[in-house]
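*Asks:* One structure follows; several queries about it will come next.
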Amino acid sequence: MTIIINRLQQAAAPAGSNTMIVCLCHSISDREVREHVEHGCRTVGQVGRACGAGTDCGQCVNQLARMVRAAAPSSPGGEPGVPIAQQPRVL
78 MTIIINRLQQ AAAPAGSNTM IVCLCHSISD REVREHVEHG CRTVGQVGRA
128 CGAGTDCGQC VNQLARMVRA AAPSSPGGEP GVPIAQQPRV L
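Here the sequence shown is numbered in this note's numbering, starting from 78 and rising by one per residue.
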């Protein structure tokens, strides 16, 4: 199944394009996922709520998780899954 999905993702990207379709169910590209992460999404669930990726068949969830980890800015002492703006204060 994974081989088929990888081939479909490769075929969905136009020749010479640097864009890859990550979520086939919702036609979400890697660029769109990165944009959502840049705008505050820090978990796969947050990306899913923002654009729908990973909310249908689930085949893209592992790829989404890798992308979120790779693209998210590091936040020392931050809690996983909590956007930076909502970090709890330590008194």
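Every residue gets a Cβ at the ideal spot worked out from N, C-alpha and C, and that includes glycine. Remember, predicted model here, so these are calculated numbers, not experimental data.
Return yes when at least one heavy atom of the ligand GDP lies under 8 Å from the C-beta of residue 126, else no.
*Replies:* Only the bare structure without any ligand can be found here, which leaves the ligand GDP out of the picture.
*Asks:* To the nearest angstrom, how far is it from the Cα of residue 146 to the Cα of residue 118?
*Replies:* Position 69 of the sequence shown, counting from 1, holds the residue named residue 146. Position 41 of the sequence shown, counting from 1, holds the residue named residue 118. So the alpha carbons of these two residues sit roughly 11 Å apart.
*Asks:* Consult DSSP for residue 128 and reduce its assignment to one of helix, strand or coil.
*Replies:* To locate residue 128, count along the sequence shown from 1; it is residue 51. Helix, per DSSP.
*Asks:* Kindly identify the DSSP beta-bridge partner or partners of residue 106.
*Replies:* Numbered from 1 along the sequence shown, position 29 holds the residue referred to as residue 106. Residue 106 pairs with 98.
*Asks:* Check for me: the alpha helix (DSSP H) holding residue 146 runs from which residue to which?
*Replies:* Counting from 1 along the sequence shown, the entry for residue 146 is found at position 69. Its alpha helix (DSSP H) spans residues 138-148.
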